[in-house]
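Numbering (the working numbering), first residue to last: 158 to 409.
Printed below as a string of structure tokens:
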């Protein structure tokens with residue numbers, strides 16, 4: 158009889174188990190992903206500029222010094238020919254005439270006020286009367302000027318005086334132009350104090366007319382000899398008008 162040998166099934170099973178990769182049991186947590194940073198917001202609003210077009214080299218003072226500020230000095234009344242407003246120059250700043258313009262210099266000549274009748278078109282001529290040249294101005298700004306709240310325009314600037322650069326300011330309203338300048342490092346208080354003293358030249362109370370009459374007398378003192386008589390005659394006529402009730406009523 159022939160006997161057949163049969164392989165052990167267990168051995169076969171063992172081989173199958175060895176050939177089949179064992180599954181890896183794990184309890185490890187799933188990897189985490191770092192959060193994506195939120196995008197940075199882009200600033201879309203424009204930076205506010207108080208006076209677009211202003212020269213950064215020019216110090217801005219006119220708006221802060223003059224707008225809605227009537228805290229002016231009391232000095233010598235000045236009313237240039239043709240102006241409809243008056244202002245007060247410092248008492249110790251001698252006044253002179255340069256053509257149709259009034260000029261007041263500080264004792265040390267480091268500050269000056271020049272004034273004339275007209276509007277913005279007269280600024281350069283008024284500046285020149287005060288010895289100022291090569292002026293550069295920031296754009297005009299609207300201001301409410303003096304105790305009578307005159308609608309005015311003002312600007313900051315830089316000019317040349319006696320070969321040196323000086324700071325400058327100008328204001329115009331009621332057909333009056335005032336240009337002031339001062340050397341760097343010196344006090345500008347008297348310049349702006351004079352500008353803040355501006356008031357309309359005529360009023361029902363007669364106070365404005367009185368200021369005009371006083372200014373005419375002051376102009377007579379500083380005018381060339383051949384013009385002094387005319388100023389004194391004008392001052393006399395001014396006094397007569399001030400004392401006439403009909404004139405005061407007409408100007409009210």
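Where a beta carbon is used, it is the ideal one built from N, C-alpha and C, also for glycine.
Classified as buried, residue 237 has 16 or more neighbouring CB atoms from the shown chains inside 10 Å of its CB.
Judged by DSSP secondary structure, residue 268 falls within the beta strand (DSSP E) whose first and last residues are 268-274. Per DSSP, the unbroken beta strand (DSSP E) holding residue 336 starts and ends at 333-339. Secondary structure of residue 326 (DSSP, three-state): strand.
Assigned with DSSP and collapsed to three states, residue 220 falls in helix. Taking C-alpha positions only, residue 264 is separated from residue 338 by approximately 14 Å. Nearest C-alpha to residue 381 among 245, 278, 252 and 214: 252. Looking at the backbone, the Cα of residue 304 and that of residue 322 are separated by about 32 Å.
Between the alpha carbons of residue 328 and residue 209 lies a distance of about 19 Å. Taking the Cα of residue 349 as reference, the smallest distance to any Cα among 211, 387, 287 and 244 is reached at 244. Under DSSP, residue 258 forms a beta bridge with 255. Counting other Cβ atoms within 10 Å of its Cβ, residue 233 reaches 16 or more and is therefore classed as buried.
Residue pairing by DSSP leaves residue 292 without any beta bridge partner. In the structure shown, the three-state DSSP call for residue 345 is coil.
A check of alpha carbon separations from residue 351 across 215, 211, 285 and 219 identifies 219 as the nearest. Between residue 223 and residue 300, the CB-CB gap stays under 8 Å. Shown here for residue 293: same chain residues with a beta carbon closer than 8 Å to its own, the five before and five after excluded, namely 212, 215, 314, 315 and 316 in chain order. In the DSSP assignment, residue 236 falls outside any beta strand (DSSP E), carrying neither H nor E. Judged by DSSP in its simplified three-state form, residue 314 adopts strand.
Per DSSP, residue 281 is one residue of the alpha helix (DSSP H) stretching across 280-286. A distance of 8 Å or more separates the beta carbons of residue 312 and residue 331. Partner residues in a beta bridge of residue 277, as assigned by DSSP, do not exist. Between residue 259 and the set 277, 333, 391 and 396, the nearest pair of CA atoms involves 333.
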